[in-house]
Amino acid sequence: MPNSEFITALTELCSQKGIAKEVVIEAIEAALVSAYKRNFGTTQNITARIDMASGEGRVYAQKRVVEEVTDPRQEIAYTEARRLNREVQLGEIVEVEMTPRDFGRIATQTAKQVVTQRLREAEREAVYTQFTNKVGDIVSAVAQRVDPKGLIVQLDGKVEAVMPPNEQVQAEKFTPSQHFKVYIVEVHRANKGPQIIVSRSHRNLLRRLFELEVPEIYNGAVEIKSIAREPGSRSKVAVAARQEGIDPVGACVGQRGGRIQNIVNELMGEKIDVVQWNPDPSIFVAHALAPAQVEKVDIVPEDKAAYVVVADRQLSLAIGREGQNARLAAKLTGWRVDIKSASVAAREPLERRRRPVHVVGGEEESILKVRLEEAMRQRAQEEAEMLQRAETAFAGLPVSPSPTLEPAPAEAAAAAAKPKRVRVKTTVVVEEAPAEAAPAVEAATIAEAAPAAEAEPKRRRKKAAEPAAEEAPGEAAPAVEAATIAEAAPAAEAEPKRRRKKVVEPAAEEAPAEPVASESAVETEPKAEAEVEAKPKRQRKKAAAEPVPG
-11 MPNSEFITAL TELCSQKGIA KEVVIEAIEA ALVSAYKRNF GTTQNITARI DMASGEGRVY
49 AQKRVVEEVT DPRQEIAYTE ARRLNREVQL GEIVEVEMTP RDFGRIATQT AKQVVTQRLR
109 EAEREAVYTQ FTNKVGDIVS AVAQRVDPKG LIVQLDGKVE AVMPPNEQVQ AEKFTPSQHF
169 KVYIVEVHRA NKGPQIIVSR SHRNLLRRLF ELEVPEIYNG AVEIKSIARE PGSRSKVAVA
229 ARQEGIDPVG ACVGQRGGRI QNIVNELMGE KIDVVQWNPD PSIFVAHALA PAQVEKVDIV
289 PEDKAAYVVV ADRQLSLAIG REGQNARLAA KLTGWRVDIK SASVAAREPL ERRRRPVHVV
349 GGEEESILKV RLEEAMRQRA QEEAEMLQRA ETAFAGLPVS PSPTLEPAPA EAAAAAAKPK
409 RVRVKTTVVV EEAPAEAAPA VEAATIAEAA PAAEAEPKRR RKKAAEPAAE EAPGEAAPAV
469 EAATIAEAAP AAEAEPKRRR KKVVEPAAEE APAEPVASES AVETEPKAEA EVEAKPKRQR
529 KKAAAEPVPG
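Residue -11 is where the sequence shown starts when you use our numbering, and the numbers rise one by one after that.
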């Protein structure tokens, strides 16, 4: 290869690998030394140099200047050394060129392998240096594949990094070639090159995203005081303004929520609450419990605890699902947060309010389980009281017995003792007769007709028209015979319930001089005959069987 082409190829190689040219030159010089020793088996101290101007590579052997040579591989005669350098003195080390005229094929292959290895090592060192300076920053990544170690991603289009399972968000699922942001946690050396650990669950990923999207945070006008994050679910960020006239929360949210929405999209839907930091712990705790409305906050510095009172309807909102809102508020503020409803706090003595709060996992959390269980028990107690009041109210209402149930013995006896009214379907024909009295219906007839009335359901019963045949001077309407009513009772009992109609109970009462008949139940003989003709055949037979007085 001509020298000019060698220099051009070397420059291009350094540009592609992103490494310094001096590192490549050192690797080539070391390769030349290695190839020379392997092919010629010499034990001399060999060095190699490449002239950057001409591109030529030369091999030199280091020898000591002596008067008389005993070991030609390590020594050189003084007279010969003077030909190389006139200022050389005895005992000094001079370099004697030992470049072979033909390295041969083996020497060239060996040099190539060594050069490749040195270039790889130089590239790994450059990667290590580059990403060591980026620890704690975010970079763009592309999903490559899933490995037993975790998710393998590519950084800057050429460097592979690992996202272990503990640094991943369970709710996030990536597809090959998908782009996203990652946070560089650490970089350490390994046998196969630098090992880069990245994360999507680190809370500082959220901090860097805010710095990227909010210029006020990047230039220092707004400061992020603290961050509490549950990756993939919800996060809280406390911000404060360093300059007057700046709304820190509004600056982070952006116009129409544009800035915060970009961060939410990058975190794949994770909810983010931005609250304003305050030096007063009570106000800061109240802000951290947003969106719940806080009525009162009591701070106990010696316990590092905040006792919060909220409205009864705000208790579940302040605690959050599975205590998430209270847990994030405790992490954000650094205070243990104990939340109670207003009704419970009013009944609870002050000493009990300030009892120690249970601590889980080394983190100061408020009421993760205790307060949530108290709220659930209180809700269950209220529901039980409401149910008891409803049962008491319904117990006072009269309840009609079901027609299919048999009455109790006491109720049956009381019902039997009451006088029963006879309801018998019959047609009463009254002839006009002056000065005759209508005889009363005998008691035996009522007693015989009673079973028919008991068999009829109560809901089917209706008030019967009670025609009264009044006693008139000179004529009297003939009374209905007891046998007629007794015969009508079985017929009324056998008739289907849906066919029953109003029943007429004839009663004998004293009347004025002329008898008066009810229009609904007492008819003259011509009307009775017309009614019999209008009935269906099934009822007409029954009407024909009934004797008509006359």
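Backbone N, C-alpha and C fix where the C-beta goes; we use that ideal spot for every residue, glycine too. Owing to the predicted nature of the structure, the values given are computational and were not obtained by experimental measurement.
Legend entry - Simplified DSSP state of I34, which is helix, strand or coil: Strand.
Legend entry - Under the three-state DSSP convention, the category F119 falls into: Helix at F119.
Legend entry - Own chain residues within Cβ distance below 8 Å of T(-1), not counting five before or after: Only K9 meet the Cβ criterion.
Inset, instruction - Using alpha carbons as the reference points, say which of E201, Y116 and Y48 lies closest to C240. - result: Minimum Cα distance to C240 is reached at E201.
Legend entry - Buried versus exposed call for E(-7) [16 or more other C-beta atoms within 10 Å across all chains shown]: Residue environment: E(-7) is assigned as exposed (fewer than 16 neighbouring CB atoms within 10 Å of its CB, all protein chains considered).
Legend entry - Run of the beta strand (DSSP E) containing L139, from where it starts to where it stops: Run containing L139: G138 to L143, per the beta strand (DSSP E) assignment.
Legend entry - Reduced DSSP category for I7 - H, G, I as helix; E, B as strand; rest coil: Correct three-state label for I7: coil.
Legend entry - Exposure of D326, with buried meaning 16 or more beta-carbon neighbours within 10 Å: Buried.
Inset, instruction - Give the C-beta separation of M256 and E160 to the nearest angstrom, bearing in mind that I take them to be a contact with Cβ-Cβ under 8 Å. - result: Rounded to the nearest angstrom, the Cβ distance from M256 to E160 is 6 Å, consistent with a contact under 8 Å.
Legend entry - Per-residue DSSP class, three states only, for I(-5): In the structure shown, the three-state DSSP call for I(-5) is helix.
Inset, instruction - Could you check which residue in E371, I7, E218 and V282 has the C-alpha nearest to that of E109? - result: Closest option to E109, Cα to Cα, is I7.
Inset, instruction - Inspect the CB distances between the stretch 146 to 153 and the stretch 178 to 186 and report whether three or more fall short of 8 Å. - result: Touching, yes, given that three or more Cβ pairs across the two stretches are closer than 8 Å.
Legend entry - Buried versus exposed, by CB contacts within 10 Å (16 or more), H190: Buried: at least 16 other Cβ atoms inside 10 Å.
Legend entry - Among T87, A229 and E218, the one whose alpha carbon lies nearest that of N207: Per the C-alpha coordinates, the member of T87, A229 and E218 positioned closest to N207 is A229.
Inset, instruction - Assuming L277 and A317 form a contact by the criterion Cβ under 8 Å, report the distance between their Cβ atoms to the nearest whole angstrom. - result: Right, their Cβ atoms sit about 5 Å apart.
Inset, instruction - Could you tell me the distance, in whole angstroms, from the CA atom of A226 to the CA atom of L194? - result: Between A226 and L194, the C-alpha separation is close to 12 Å.
Inset, instruction - Taking only the alpha-carbon atoms, compute the straight-line gap between L1 and T104 and give it to the nearest angstrom. - result: Approximately 11 Å between the Cα atoms of the pair.
Legend entry - For A178, three-class secondary structure by DSSP: The answer is coil: DSSP assigns A178 none of H, G, I, E or B.
Legend entry - Residues near R37 in its chain [Cβ-Cβ closer than 8 Å; skip 5 each side]: E17, G45, R46 and Y48.
Legend entry - Residues of its chain near Q4, where Cβ-Cβ distance is below 7 Å and the 5 sequence neighbours each way are ignored: For Q4, where only same-chain residues beyond five positions count, there are no Cβ hits under 7 Å.
Inset, instruction - Could you tell me if A383 is buried or exposed, where buried requires 16 or more neighbouring beta carbons within 10 angstroms of its beta carbon? - result: That one is exposed.
Legend entry - Reduced DSSP category for E55 - H, G, I as helix; E, B as strand; rest coil: Look at E55 here: in three-state DSSP terms it is coil, with no helix or strand label.
Inset, instruction - Would you grab the beta carbon distance between K51 and I34 for me? Rounded to a whole angstrom, and I think it's under 8 Å. - result: In fact, because the Cβ distance is near 11 Å, the residues do not count as touching under 8 Å.
Inset, instruction - Measure the alpha-carbon distance for E373 versus E283 and round it to whole angstroms. - result: Answer to the nearest angstrom: the Cα atoms are 27 Å apart.
Inset, instruction - Would you list the residues sitting across from V147 in a DSSP beta bridge? - result: In DSSP, V147 forms a bridge with L143.
Legend entry - Three-state class that DSSP yields for F565 in the structure shown: Residue coverage of the chain in this structure runs from -11 to 538, which leaves residue 565 outside it and unanswerable.
Legend entry - CA-to-CA distance, E310 to L139, given in whole angstroms: Distance between the alpha carbons of L139 and E310 is about 30 Å.
Inset, instruction - Figure out for me which residue from R377, S214 and E75 has the closest Cα to the Cα of Q264. - result: Measuring from the Cα of Q264, the nearest candidate turns out to be S214.
Legend entry - Of the residues D300, R324 and T321, the one placed nearest R367, counting alpha carbons only: It is D300.
Legend entry - Where the beta strand (DSSP E) through K259 begins and ends: K259 to Q264 is the extent of the beta strand (DSSP E) around K259.
Legend entry - Between the CA atoms of Q97 and R71 - distance to the nearest angstrom: Near 35 Å, if we compare the C-alpha coordinates of Q97 and R71.
Legend entry - Burial state of P88 (16 or more Cβ within 10 Å): Residue environment for P88: exposed (fewer than 16 other C-beta atoms within 10 angstroms of its C-beta).
Legend entry - Residue of N27, K100 and V115 minimising C-alpha distance to D90: Measuring from the Cα of D90, the nearest candidate turns out to be N27.
Legend entry - Closest by C-alpha distance to K137, when choosing among P203, L143 and E155: Minimum Cα distance to K137 is reached at E155.
Inset, instruction - Pick helix, strand or coil for I16, following the three-state DSSP scheme. - result: Reduced to three states, the DSSP call for I16 is helix.
Inset, instruction - Go ahead and label A(-3) buried or exposed: buried means 16 or more other beta carbons lie within 10 angstroms of its beta carbon, across all protein chains shown. - result: By the neighbour-count rule (16 or more Cβ atoms within 10 Å), A(-3) is not buried but exposed.
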